[in-house]
Structures are given as structure tokens and as C-alpha cells.
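Which chain is which? The protein sequence lines are A and B, in order. Here the numbering used here is used: position 48 in the first sequence is 48, and no number is missing along the way. Here the numbering used here is used: position 260 in the second sequence is 1260, and no number is missing along the way.
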Amino acid sequence: MANELAMAMADLDEEKVQALVKAGLAGGVDPSALLNECREGMTLIGQRFETGEYYLSDLIMAGEIFKTAAADLAAQGGSSGPTKGKVVMGTVKGDIHDIGKDIVVTMLRGANYEVTDLGVDVPPAKFIEAVKETGAPVLGMSGLLTISFDPMKETVAALQAAGLRGRVKVMIGGGPVSEQVREYVGADALGVDAQAAVALAGQWLAA
Amino acid sequence: MSNEALYQQRYDRIKKAINLELVDQVPVVYMGSAFAPRWHGMTMAEFCENPESSFQVNLATVKRLDVDGVNLAGGGRITPLLTSLWMARLGVPGRDLPADSLWQVREAEVMTTDDYDAIVNMGWSAFFGSYLPRVIDPQEFGMSMGWVMQNTPRIQQAYREAGYVIVCDAPANVNIPFEYLCGGRSMQKFFLDLYRIPDKVKAAMDVIQAEQIAAIKAAPPFGGIRGIWVGGWRSASALVAPRLWNKFVWPYIVEQVEALVSVGITPVLHWDQDWTRDLVRLQELPAKKCILNPDGMTDLRKFKELVGDRMAMMGDIPASLLAAGTPDDVYAYVKDQVALFEGRGLILCPGCDAPINTKPENMEAFVAAAREYGKVG
Ligand code: B12
């Protein structure tokens, strides 16, 4: 049974989450424990999204509540211990849509992955650099425009050219992305929503 | 056949489709903004700066494809128009962007939460006038809108003389309050407002809505199909939680649709993204008076099942198919769609708007497939 903080998080009750975090800290509760409860709430949110109880607007609100709480708790020394693994994420060159990408990043972080968020309009070289630097075995690209397919393809080719393709799994997502597009781009998987991103990361990083 | 006779034939076809009557040939119409200039070698800068160019290149595209008509006629400058739709600044090719790149909506938090109160206190039109300088030079805006008002009759005449029907030719412009405010606040901020300050948002929406309804009721009578977009971009079911959608989206759509129908206008539900969850609600709208205009993401089988006997569909060739697919893929898509509708209530059209990188061979395949499979009688 999830505790009160996790439930407040899952119910998107912003005031209650803030109050519980504040009261917890004041009462000497370990910030890391509180952070884990928030994550538990995010897991519940992901489940509610999957079952169709929650929609995108709920994920946006959840992300906002989680980000604030996590920042407050981190400032008090809260951490969830070792993460489940590293993921590099960004919206591809020429595309500045970031709402979906941000949700994916927040849900991944909520599930305790260490995410390097490169932002929007990210050229292939920058993706490659980040993958090299972090050693992340998973790369996620977001794109909402039909003109985003080519930069995705170029990035996969650049991974190949850098000799990294073998050790990096590539997932793509964003409104117009389809199986046809995945094939065109040469990505390993396509994720239809943020939950799919979490599931893919789980699958690849568990192996 | 004379162009006037052709016009009549095509007009009948589209009218029949709206009435869900059997057609001789499934009507096919064009819709695309950036594709037309790209196909004709016109720069985006020219397309955006010269109001006449946007009309001419759209008409040229319709003639070259020789379809039955067009969803929107084009004409006028697109960037001020988008500013008025989303209360946002736009990057204009040739000014802020390279001459042949796509225009860009620069969505940012321009509207503040205090502006909700300002809308309530000042009224919508007055607020809008005072807000404009934050996103566009008001003089430029006025000139663009003036050009459209002045030239619309000439544009409509030109299409008709060439034998083509304009589906959305009604002389009015409406939008649900959700879309204006979402653009002005920026989507993320606006969605948070719906959770945090719902009453403030709703009060502003109600003021906007009242003025929109009054404007609709004042629309002058007019001859053609009298279609008009009741658009949904950020208010899609897939984006908005049901309890918010039921409060901030649907009641406003219903009220606008009913007002439009009461003055003889055909609401064209230009809905991007996935609206499948709420398709059943379409049963609440007057039968055979509206057109659903989806972009490829809404489930049409469900649509047929739930409202196929009440409403026509104009669409929905997906943008990604036009850009990344092959002519064979396009053929297969059109074939399936015609089979699904069995000759009733279907107007074939690119979903939303054919993107800038539509392959011309895919656009041509779309029209050829429509002609080949669309023969009914
Ligand atoms: C908001 C919006 C904008 C905002 C973006 C604000 C922002 N900060 O992101 C602004 C106004 C800036 C904008 C601009 C433009 N836009 Co826009 N925009 C939209 C809109 C309305 C919503 C997009 C959105 O945020 N969806 C919600 C998010 C949460 O969904 P999502 O991104 O798909 O993400 C989910 C999943 O896909 C998945 N996911 C996403 N990324 C990833 C990645 C991985 C790895 C995985 C596994 C999963 C995953 O998880 C997410 C959560 O579940 C859509 C239409 C619509 N209703 O969808 C058009 C839309 C995407 N835009 C479109 C267009 C054309 C444009 C412009 C070119 C218009 C213009 N000329 O100005 C510009 C281009 C700007 C640019 N260079 O990128 C088109 C694209 C179609 C096409 N032809 O390519 C759309 C579909 C509208 C349309 N039908 O015309 N836009």
C-alpha cells in the first residue's frame, strides 16, 4: 500500500505534496526516503496513464509537481542511490517541440534513470558527443515534424560512423512517428508514449 | 464541360457527401499551405509576404491537381493569421528566418495569469486589441486582415470561374477560447493553469465565448458550402484529461457548432491529433450539418461505427504518409478509406495540411487513387 505522499503525488494534489514534503523534512524524515515516495507516486501515475485513467495533461501536471519536489529534496541531500542506468534524450535538429520530450525525461527520471537532456534542435554531432561522454547505452530522439525524420536517420548513421551503434539502443518517438518511420530511420524501437520510453529503457538496461 | 458546369457537378458531389447521400465519385479536395509554394518553386518568404502570392499558388496547385476543390482557399498572409489564432509571435521567412524555410510559431508565455482577469474586465475584443502589440505590429496586422476582407469575394470568384469549390468559404472566423488562451499562455503553462486556477480560466473563456457567439449570429448570408473551421489543435482528447475536456473544451464546441448551424454555416471540425476517446460525443451535434476533418490520428472505424450515419468526414491522409511514404502506400491508404465509407460521407483530403516536404509524387498518387477507387455510381 502506497503511503500518503505517494498517493498525493499520484492524485496530482500539488498543495498536499508540498505540505507533506515540508512536514517530513521538518520532522527529520530522510529526504531520500521522501524522494522515493515521490517516485512511487510517479510509478502510479504511469500506471494510471497506461490504463487510460490519466491523459497527457495529467502527465504535464505530474511532471511539474515532481520536478519541484525532487529539486527541494535534492537540495536537502536527498538521493535515490544508484540509478537504473543512463539515457541520452533530445528533440532532433530543426524541431523545437519539447513538451513530449520533457514528459519522457520526467517519467524516466521519476523511474530513477539518469537522463542527459540535450534540449531541442539537437544536431547529430551533439547526440554522439553526449553518448560518448556519458557512456549511455540508450539514446532517445523525439520529433514532431515530418522533416524530423531525416535528422533522426542522420543521427543513427552518425552513431554507426562513430562505431557506437553496436552498444547503443535507439528509441524514437513523437506525434507522427510510425513503424514506417522507425524503419526509415533505422531505430531499434518506437515508443508511442512516455510509458513506452520507460518500458523500453527497462527492457534494455535490465539485460 | 464548361467550368461552371464542372463547378456545379463538384458542388453537388460535396453537398451530397455532407448529406451522406450516395455520390457518383468520392469528392477529393486539396489542403496544404507550405506544399503549394514549395511545389511551384516559390520561396516561403514570397509566400508569406505577398498576400496575392499565397492565393495564386494555392489556386495553381488546385488546377494542377485538378481536384474537386479545396478545404481552405488561401490568400492573405499566413503569419498574421496564425498570430490571431494562437496569440503568438511568428518567425517570418525572409525576415527572421532564411528565405526558404518554414514560418515558425514562437510559442512563449506572452499572456500572463493576470490577463485572464483583464479579459473579464475589458471584454475580449478590447483585450485582444491591447494585447496585439506584444506579438505583432498592429498596423501590419490590420493591413493583412483588411486585405483578406477586401479580396475574399475576388478569390472566391476566381475559384468558381476555374470550376473549383471552396469548402470553407464562410465569411466569419471563430475559434474556441481554449485555443486562443493555450497559444497565448504557451501550452505547458496553460495546461497547468487548468489544474491550478480553473475558475479564473473559465471566467475568461466565458467572456470570449459570448463575443464569438454574437459574431457568429451576425454573420451575413452567403451562397456556397459555407464551411468554417471549428479547430482543435491543443484541445484534442489525447492531450486533455476527460474532466478538464468536459469542462473547458466540449461545451464551447457544442455551443459554437449550434450557433453556426443556426445561421446556415457548416462547421468543419478541423481536429488534429487523436480525438477517438470522445467521438461518441459527436452524436450530440446536429445530424448531417457538420464535417469531421481529422489528421490521421483519430480512429475512423470508430467514427464510422458511432456517427457514420450522422456526419461526413473530410480527410485524413496522414502528413507522415505524404512525406515519408511511397505512392503505393498512398494508394493503399486511399483504397482502404474508400472501402470503409462505401461511397457515403467521405471527402478525401490531406489530413490537417500537406507538409512542406510532401513528395509531389505522393500528392499526385493521392489524387489518382481517389479518382481510381472513388468511382461509385
Ligand atoms: C504545441 C505544438 C507546437 C508548439 C510547441 C511548443 C513546445 N514547447 O513544444 C509550437 C507552437 C512552438 C509549434 C510549432 C510548430 N509546429 Co507544432 N504542434 C504543437 C501541437 C499542438 C502539440 C504537440 C505536443 O506537444 N503534443 C503533446 C506531446 C506530449 O505529445 P508528443 O510530443 O507526441 O509526446 C508523447 C509521445 O509521442 C511520446 N514521445 C515523444 N517523444 C518521444 C521520444 C521517445 C524516445 C519516446 C520513446 C517517446 C516519445 O511521449 C510523449 C508523452 O506521452 C501539435 C498538434 C497536436 N495536437 O499534436 C502541433 C504539430 C506537432 N506542429 C506542427 C507543425 C507543422 C509546427 C510548425 C512547423 C508550425 C509552424 N509553421 O510554425 C512549428 C515548427 C516548430 C519547430 N521548428 O519545431 C504539426 C506537425 C505536422 C507536420 N507536418 O510535420 C503538428 C502535428 C500540427 C499540425 N497537424 O499541423 N507547435
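In this text, a Cβ means the ideal position worked out from N, Cα and C, and glycines have one as well.
- The three-state reading of DSSP puts TYR1030(B) in strand, counting E and B together.
- In summary, the residues of the segment 1169-1193 of chain B whose CB is separated from some CB of chain A by less than 8 Å are MET1187, GLN1188, PHE1191 and LEU1192, in the order they occur in the chain.
- Interface flag for ASP58(A) against chain B is set, since a Cβ pair is found closer than 8 Å.
- Taken in chain order, the whole beta strand (DSSP E) runs of length 3 or more contained in the segment 1011-1092 of chain B are 1089-1091.
- Chain order gives the chain B residues near THR146(A) as ALA1319, SER1320, ALA1323, ALA1324, PRO1355 and ASN1357, where near means a beta carbon separation below 7 Å.
- By alpha-carbon distance to MET61(A), the top candidate from ILE45(A), ALA33(A) and LEU73(A) is ILE45(A).
- Closer than 9 Å at the C-beta level to chain A, one finds these residues of the segment 1239-1269 of chain B: LEU1239, VAL1240, ALA1241, PRO1242, LEU1244 and TRP1245.
- Between the alpha carbons of ASP1328(B) and ALA1365(B) lies a distance of about 8 Å.
- Taking 8 Å as the cut-off, the Cβ atoms of SER1235(B) and PHE1190(B) do not count as close.
- Between the ligand B12 and the CB of GLU1179(B), the shortest heavy atom gap is not smaller than 7 Å.
- Of all residues in the segment 1104-1117 of chain B, none has a C-beta nearer than 7 Å to a C-beta of chain A.
- Of the candidates LYS86(A), GLY24(A), ARG165(A) and ALA162(A), LYS86(A) places its Cα closest to the Cα of GLU114(A).
- For the segment 6-31 of chain A, the set of residues with a beta-carbon nearer than 8 Å to any beta-carbon of chain B comprises LEU12 and GLU14, in chain order.
- Along the segment 1195-1217 of chain B, going in chain order, the ones with a CB nearer than 9 Å to a CB of chain A are TYR1195 and ARG1196.
- Ranking ASN1003(B), PHE1248(B) and ARG1077(B) by CA distance to the CA of ASP1206(B) puts PHE1248(B) first.
- Interface with chain B (8 Å Cβ-Cβ cutoff): GLU50(A) is excluded.
- Taking every protein chain shown into account, the CB of ARG1010(B) has 16 or more other CB atoms within 10 angstroms, so this residue is buried.
- In this structure, the CA atom of ARG167(A) is about 6 Å from the CA atom of PRO137(A).
- Taking the Cα positions, GLN1337(B) is about 9 Å away from LEU1300(B).
- For MET107(A), the uninterrupted alpha helix (DSSP H) run begins and ends at 99-110, by DSSP.
- For MET42(A), there are no neighbours in chain B by C-beta distance under 8 Å, as the nearest C-beta there is about 16 Å away.
- Rounded to the nearest whole angstrom, the C-alpha separation of LEU200(A) and TYR55(A) is 20 Å.
- Judged by DSSP secondary structure, GLN1104(B) falls outside any alpha helix (DSSP H) and instead within the beta strand (DSSP E) spanning 1104-1106.
- Inclusion of ARG1234(B) in the 7 Å shell around the ligand B12 follows from its C-beta lying nearer than that to a non-hydrogen atom of the ligand.
- Sorting ARG1277(B), PRO1267(B) and THR1358(B) by C-alpha distance to the C-alpha of MET1313(B) places PRO1267(B) at the top.
- For VAL156(A), the shortest separation between its Cβ and any heavy atom of the ligand B12 does not lie below 7 Å.
- For THR68(A), the enclosing alpha helix (DSSP H) stretches over residues 56-75.
- Apart from sequence neighbours up to five positions away, the residues of its chain that approach THR83(A) with a beta-carbon distance below 8 Å are ASN112, TYR113 and GLU114, ordered along the chain.
- Residue side-chain check: ASP1096(B) keeps its Cβ at 7 Å or more from all non-hydrogen atoms of the ligand B12.
- Shortest gap from the CB of GLY78(A) to any heavy atom of the ligand B12: 7 Å or more.
- When beta bridges are read from the DSSP output, TRP1245(B) appears opposite no residue.
- Inter-segment contact for the segment 154-167 of chain A and the segment 126-140 of chain A is present: three or more beta-carbon pairs are separated by less than 8 Å.
- DSSP, read as helix, strand or coil, puts THR155(A) in helix.
- Annotation: the continuous alpha helix (DSSP H) that includes CYS1182(B) extends over 1177-1185.
- Shown here, LEU12(A) sits in coil according to DSSP, grouped into three states, outside any helix or strand.
- Contact note: VAL192(A) does not reach chain B at a C-beta cutoff of 8 Å; the least C-beta distance is about 11 Å.
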